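Chemist: Take a look at the following structure, please.
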Amino acid sequence: MREALDPWPFVLGAYAVGGIALALLIVWAYRSMRSAEKRREELKRK
Amino acid sequence: MHIYANPKRFLALASWLTPLLFWSGLILSLGAIAWGLFVVPPDRLMGETVRILFIHVPAAWLGMGGWTGIAIASGALLIWKHPLSGIAARAIAVPGMVFCAICLATGSIWGRPTWGTWWEWDGRLTSMLVLLFLYGGYIALSQAAAREGGSYKIAAIFGLVGAINVPIINRSVVWWNSLHQPPSITVGKSAIDAAYLWPLLAAVLGFSFLFGGVVLMRMRALIAEQQVEARLRRRAMDDEMPAAQAVPEGV
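These protein sequence lines map, in sequence, to chains A and B.
Counting in my numbering, the first sequence runs from 1390 upward without gaps.
Counting in my numbering, the second sequence runs from 129 upward without gaps.
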């Protein structure tokens, strides 16, 4: 009979994948919002 | 609802709602994940791998919920031509796709120790993969419309038609044989023990708030980009006008 796999690398791997993907999404969404709003304010001032 | 179709009113609302949703979502999600990782007991059948539940299920819910949001916003765009509906649909697409990808990746990782395989071409997994491709198609269509300055109607129709996949994903484990377990939570009842149910509900709520915060960030970015474009176009027209007026009559 095959020995059961150690579950912790799978648990931690799943959270690492989810965490990295979410962090990238949040940073991208925040930076694109800030740069677009900054550009709008600069144009308003000109 | 219709009063927020005005971008000015919407931006006033979004300026305080964005940080509120984002920070409450982040705190609630991290708390729920800590609860799921360190407090809940291992499951009788799945053992420690049950902890993947607290990221996999919210990601699945938001992957499907995201497309439902795109379909509703697309319907509103086609029926009422709300200026914000198309922006809302476009803003949901990337976060929805990311959550759909997280659902597929975490499901695959969960499948290896529990089912003995990373992937199985059954109804649930395949229909979820189709949803990922639908998101990709929607993003490509809406970006092409934005670049060409064309109508969003094609993307909106695509958003509505693609919604047929959402009930298919939901019922796939009932309609077809699957390695995936049948639905554990249905309207009014749950087959999940309270020790797992409460942190799961906290995770779903937390990730939903986080999703809402990210969608509002995307909407604000898209509105600002449109306003910049409109202002530049107006300036270019103003610059051309005096030149046109300077041409004498009869020439």
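In this text, a Cβ means the ideal position worked out from N, Cα and C, and glycines have one as well.
Since this is a predicted model, take the numbers as computed values, not measurements.
Using a Cβ-Cβ cut-off of 9 Å, state whether R1428/A counts as contacting chain B.
Modeler: Yes, R1428/A counts as interfacial toward chain B.
Chemist: Just to confirm before moving on: does the CB-CB distance between F286/B and S202/B stay below 9 Å?
Modeler: Yes, the pair counts as a contact, with Cβ atoms nearer than the cut-off.
Chemist: Helix, strand or coil: which one does DSSP assign to S110/B?
Modeler: This structure cannot speak to residue 110/B, because chain B is shown only from 129 to 379.
Chemist: Can you grab the Cα-Cα spacing for the pair W208/B / G214/B, in whole Å?
Modeler: Roughly 11 Å between the two C-alpha positions.
Chemist: Along the chain, where does the alpha helix (DSSP H) that runs through Q271/B open and close?
Modeler: Per DSSP, Q271/B belongs to the alpha helix (DSSP H) from G251 to E276.
Chemist: So, does the region 1396-1412 of chain A touch the region 177-185 of chain B, judging by three or more C-beta pairs under 8 Å?
Modeler: They touch, by the three-pair rule.
Chemist: Please list the terminal residues of the continuous alpha helix (DSSP H) segment that includes N134/B.
Modeler: That residue, N134/B, is in no alpha helix (DSSP H); it is neither H nor E in DSSP.
Chemist: Can you find the residues in the same chain that come closer than 6 Å, C-beta to C-beta, to M365/B, ignoring five residues on each side of it along the sequence?
Modeler: Excluding sequence neighbours, M365/B sits near nothing in its chain.
Chemist: Taking CB distances under 9 Å as the criterion, tell me whether A268/B reaches chain A.
Modeler: It does not: the Cβ of A268/B has no partner Cβ on chain A nearer than 9 Å.
Chemist: Using three-state DSSP, classify D1395/A as helix, strand or coil.
Modeler: It is coil, neither helix nor strand.
Chemist: Please determine if the region 267-275 of chain B and the region 226-241 of chain B are in contact, where contact requires at least 3 C-beta pairs separated by less than 8 Å.
Modeler: Segments in contact, no.
Chemist: Have a look at A187/B, G175/B, W249/B and W247/B and flag the residue whose alpha-carbon is nearest the alpha-carbon of V226/B.
Modeler: Looking at the Cα atoms, A187/B is the closest of the given residues.
Chemist: Looking at L338/B: is its Cβ nearer than 9 Å to the Cβ of G159/B?
Modeler: For L338/B and G159/B, no; Cβs fall outside 9 Å.
Chemist: Label V289/B either buried or exposed according to how many other C-beta atoms from any shown protein chain fall within 10 Å of its C-beta, with 16 as the threshold for buried.
Modeler: V289/B should be labelled exposed.
Chemist: Can you pull the chain A neighbours of Q355/B, defined as C-beta to C-beta under 8 Å?
Modeler: Within 8 Å Cβ-Cβ: R1429.
Chemist: Assuming contact is defined by CB atoms lying nearer than 9 Å, are A349/B and A1418/A in contact in what I supplied?
Modeler: Contact flag set, yes.
Chemist: Which residues of chain B have a Cβ atom closer than 7 Å to the Cβ of A1410/A, listed in chain order?
Modeler: Going along chain B in sequence order, the residues near A1410/A (Cβ under 7 Å) are V226, A229 and I230.
Chemist: Could you name the residues of chain A that T380/B contacts, counting a contact when the two beta carbons are closer than 7 Å?
Modeler: Nothing about residue 380/B can be reported from this structure: the residues present for chain B run from 129 to 379 only.
Chemist: Whose C-beta lies closer than 6 Å to the C-beta of Y280/B among residues of the same chain, with five residues either side of it excluded?
Modeler: Contacts found: G214 and A273.
Chemist: Against chain A, which members of the region 166-195 of chain B pass a CB distance test of less than 8 Å?
Modeler: The region 166-195 of chain B vs chain A, Cβ under 8 Å: G175, E176, T177, R179, I180, I183, H184 and A187.
Chemist: Taking buried to mean at least 16 other C-beta atoms within 10 Å of its own C-beta, is M256/B buried or exposed?
Modeler: Buried, because 16 or more other Cβ atoms sit within 10 Å of the Cβ of M256/B.
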